[in-house]
Amino acid sequence: MTYWLFKSEVSTWSWDQQVAKGDTGEEWDGVRNYQARNHMRTMKVGDLGFFYHSQKEKEIVGIVEVIAESHQDSTTDDERWDCVDIKAVRALPNPVTLAMCKEDPRLTEMVLVNNTRLSVQPVADAEWKIILELAGDA
DNA sequence: GCCAACGTTGGC
DNA sequence: GCCAACGTTGGC
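Numbering-wise, the first sequence is residues 1 to 138 according to the UniProt record's numbering.
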């Protein structure tokens, strides 16, 4: 089991839209960054990830699950780009903001804190637990 | 709205 | 294959 973090701007694809898709889920398309794509290629069905709202909110709002491994991104014919499908699992009781992550001394190594621009990133097991704790998700 | 960081493109 | 120029992302 590996943990991930998916970043999206609310106006592009929001948590509410993801929830509305239910168990059917949705492909995480539109990624045009090799690092992010490579992370998606290593994902397995059943892996969990955080759903993060960038720009205005800057907070982790929910948990998603990978339901299909990497396949061609339907928004492009370019074979270089593929993506996974994810579905919403549950919202966090309390969103965890970027500021909270930056303040927590245990999260200083987190990719979210150090490489703000990477849209799909791995989350360490310890970091996953800490964030669930901060979110009040027992 | 600005700017820093980073990734990509294209000329050489 | 290097590197400068440019575009985009995202925090502030």
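In this text, a Cβ means the ideal position worked out from N, Cα and C, and glycines have one as well.
These numbers come from a predicted model, not from an experiment.
ask   = For Tyr52, which of Leu132, Glu127, Ser119 and Asp125 has the nearest alpha-carbon?
value = Start at 1 with the first residue of the first sequence, and residue 52 comes out as number 52. Of the listed residues, the one whose Cα sits closest to Tyr52 is Ser119.
The beta strand (DSSP E) that contains Asp82, what's its start and end? As a position in the first sequence, residue 82 is number 82, starting the count at 1. Segment Asp82 to Thr97, the beta strand (DSSP E) holding Asp82.
Margin query: Short of 8 Å in beta carbon distance, which residues of its chain neighbour Ser14, apart from the five on each side in sequence? Order them along the chain.
Written below: Position 14 of the first sequence, counted from the start, is the residue given in the question as residue 14. Ser8 and His53, listed in sequence order.
*asked:* DSSP three-state label for Glu26, please.
replied: In the first sequence, counting from the first residue as 1, residue 26 sits at position 26. Strand, per DSSP.
**Request:** Using the DSSP secondary-structure output, state which residues sit across from Ser54 in a beta bridge.
**Result:** To locate residue 54, count along the first sequence from 1; it is residue 54. Glu9, per the DSSP bridge assignment.
From the DSSP secondary-structure annotation, give me the bridge partner or partners of Ala68. Taking the first residue of the first sequence as position 1, residue 68 is located at position 68. According to DSSP, which records beta bridges pairwise, Ala68 is partnered with Asp85.
For a quick check, are the C-beta atoms of Leu107 and Gln121 less than 8 Å apart? Within the first sequence, numbered from 1, the residue matching residue 107 stands at position 107. Within the first sequence, numbered from 1, the residue matching residue 121 stands at position 121. Taking 8 Å as the Cβ cut-off, Leu107 and Gln121 do not qualify as a contacting pair.
With DSSP as the reference, please indicate the residues paired to Trp4 in a beta bridge. Against the first sequence, residue 4 aligns to sequence position 4. In the DSSP output, where bridge partners are listed per residue, Trp4 has Gly49 and Pro122.
- Extent of the continuous alpha helix (DSSP H) to which Asn33 belongs: As a first step, residue 33 is located in the first sequence; it is residue number 33 there, counting from the start. Element bounds for Asn33: n/a, residue is neither H nor E.
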